[in-house]
Amino acid sequence: MILGAGPAGLVLGNLLVAAGIDCVVLERASRDRVRTRARAGFLAAHTVRILERHGLAEGLRRHGRPHATCEFRTDDGRFVLDYGALGRGERHTVYPQQDLVADLLGRYLAAGGRIRFETEAVAVRDADGPRPEVAVRDAEGRPGRWRSRYVAGCDGQHGAARRSLPPGAVRHHRDHGVSWLGLLAEAPPSLDAVGYATHTRGFAGHMARTPEITRYYLQYAPGRPADAWSEERIWDELELRMRAAEHGPLRRGRIVGRQVVDLRSDVLEPLRHGSLLLAGDAAGLISPSAAKGANLAVLEAEILAEALIDDLTHGDSVGLDRYSARCLTHIWRAQEFSQWMIRLLHSPSGAGGEASFHDSLRRARIDSLRTSRSQQDWFAEHYVGV
Ligand code: RFL
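Residues in the sequence shown are numbered from 1 upward in steps of one, following UniProt numbering.
Below is the structure:
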């Protein structure tokens, strides 16, 4: 039984069905909501290799666009890193997460996979035994129960899997004290690169999604409502922080999506509790500063699928025993890089000597990225890698 039809749950479902393993996905949202929820867009080379390996990359091969440059704009000018020519020489593929999810869902259903939409998992019980139970309720609130051999908790950061962990489970967490206003603009990209701007008024970011839609981010006062600023105010603020007066205007358009993203990270340890296994955002939440969340979700889903297939078809449980440790190695490396990105792009709030000390460290970090080839190689390897 798989809880959640995001990237983690649907990659897992596809791999299990392809191996002839009977499974069902329980998904709280409607089919339309699942197929249209805009979130990530930058897929790492490793993620694309996983999807290709399992015949799940047709859509992204056809419509995804390679991406390999990022541009930093600071008080000291701007510089472009051609990260595709640095480090391991790998690129991102820009492909909206909702399109990937729609592809994965289409393949899963075509292969005979079963899914129940508008079915919310409420709790996972008896995970310490061989027949765990998932209590659910449907859209009308009617209760139900499912039993299976294993439950994969792929239901994100607010899902039932996390709520059902036994008392010994550890949650390592950090609130970075920074919020972003995440925006989707009906406008073509303004730069050929991912744009990162640091400014005394706060960070601003630019990320291509499609030729018609661009994602922007603005550092935003924590707690301020998403609709506090008018569209004009948003574009003025983006242009100011991205120094449009010096580097050229942004291509404006209607803001079609906005949400406040509080930069938070957590990791649950271990990822396995008997018959309940966590993957994707349910296993660990990573701030979007380094665009790692969806990539980790796909990686963990493949590791989990292989472990479940070994166990259920060959009676070999070594993969399941090692699942948590294997994933945690990747998760912590991604967390470390994401934390480094947060410190590259923001200065802690506050005043006085301590704030100016951190701000000077941040400038030194950017300067070293601008001038040191070995630092650039390190950045490229971690920025595109998982
Ligand atoms: P998802 O995608 O959240 O899917 C979980 C699914 O579970 C369902 N669900 C339940 N179903 C049944 N019962 C319950 N009780 C349930 N509770 C929830 C939900 O409806 C949903 O369908 O988790 P998954 O599969 O682990 O995938 C994780 C990624 O979605 C996430 O990490 C990324 O979107 C993070 N992220 C980015 N990651 C990248 O790799 N690259 C990016 O460029 C990137 N940009 C972003 C992002 C996340 C963002 N937000 C919204 C925080 C940009 C943003 C703004």
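Cβ coordinates follow ideal geometry from the N, Cα and C atoms, glycine included.
C-beta atoms of residue i and residue j nearer than 7 Å
i: residue 252; j: residue 235; result: yes
i: residue 10; j: residue 380; result: no
i: residue 160; j: residue 123; result: yes
i: residue 24; j: residue 114; result: yes
i: residue 176; j: residue 191; result: no
i: residue 154; j: residue 293; result: no
i: residue 305; j: residue 8; result: no
i: residue 108; j: residue 20; result: no
i: residue 334; j: residue 286; result: yes
i: residue 74; j: residue 198; result: yes
i: residue 45; j: residue 384; result: yes
i: residue 28; j: residue 120; result: yes
i: residue 52; j: residue 195; result: no
Helix, strand or coil at residue i according to DSSP, with G and I counted as helix
i: residue 265; result: strand
i: residue 207; result: strand
i: residue 179; result: strand
i: residue 298; result: helix
i: residue 78; result: strand
i: residue 271; result: coil
i: residue 157; result: coil
i: residue 201; result: coil
i: residue 146; result: strand
i: residue 288; result: helix
i: residue 93; result: strand
i: residue 303; result: helix
i: residue 138; result: strand
i: residue 2; result: strand
i: residue 50; result: helix
i: residue 21; result: coil
i: residue 165; result: coil
i: residue 84; result: helix
i: residue 250; result: coil
i: residue 258; result: strand
i: residue 185; result: strand
i: residue 116; result: strand
i: residue 101; result: helix
i: residue 68; result: coil
CA-to-CA distance, residue j to residue i, given in whole angstroms
i: residue 83; j: residue 32; result: 36 Å
i: residue 297; j: residue 201; result: 33 Å
i: residue 284; j: residue 337; result: 14 Å
i: residue 281; j: residue 186; result: 28 Å
i: residue 360; j: residue 245; result: 25 Å
i: residue 238; j: residue 181; result: 11 Å
i: residue 90; j: residue 68; result: 8 Å
i: residue 130; j: residue 275; result: 7 Å
i: residue 151; j: residue 117; result: 17 Å
i: residue 268; j: residue 171; result: 5 Å
i: residue 250; j: residue 330; result: 36 Å
i: residue 323; j: residue 147; result: 22 Å
i: residue 165; j: residue 367; result: 44 Å
i: residue 57; j: residue 356; result: 47 Å
i: residue 30; j: residue 135; result: 19 Å
i: residue 62; j: residue 243; result: 35 Å
i: residue 22; j: residue 16; result: 7 Å
i: residue 101; j: residue 35; result: 6 Å
i: residue 149; j: residue 344; result: 45 Å
i: residue 98; j: residue 290; result: 19 Å
i: residue 348; j: residue 223; result: 16 Å
Host beta strand (DSSP E) of residue i (start-end)
i: residue 277; result: 276-278
i: residue 25; result: 24-26
i: residue 220; result: 214-220
i: residue 196; result: 194-197
i: residue 119; result: 119-125
i: residue 31; result: Per DSSP, residue 31 belongs to no beta strand (DSSP E); it is in the alpha helix (DSSP H), 31-36.
Endpoints, alpha helix (DSSP H) assigned at residue i
i: residue 339; result: 318-345
i: residue 359; result: 352-371
i: residue 7; result: 7-18
i: residue 61; result: 58-63
i: residue 233; result: 231-241
The ligand FMN heavy atom lying under 6 Å from the CB of residue i
i: residue 295; result: Among the ligands in the structure shown, the ligand FMN does not appear; only the ligand RFL can be found there.
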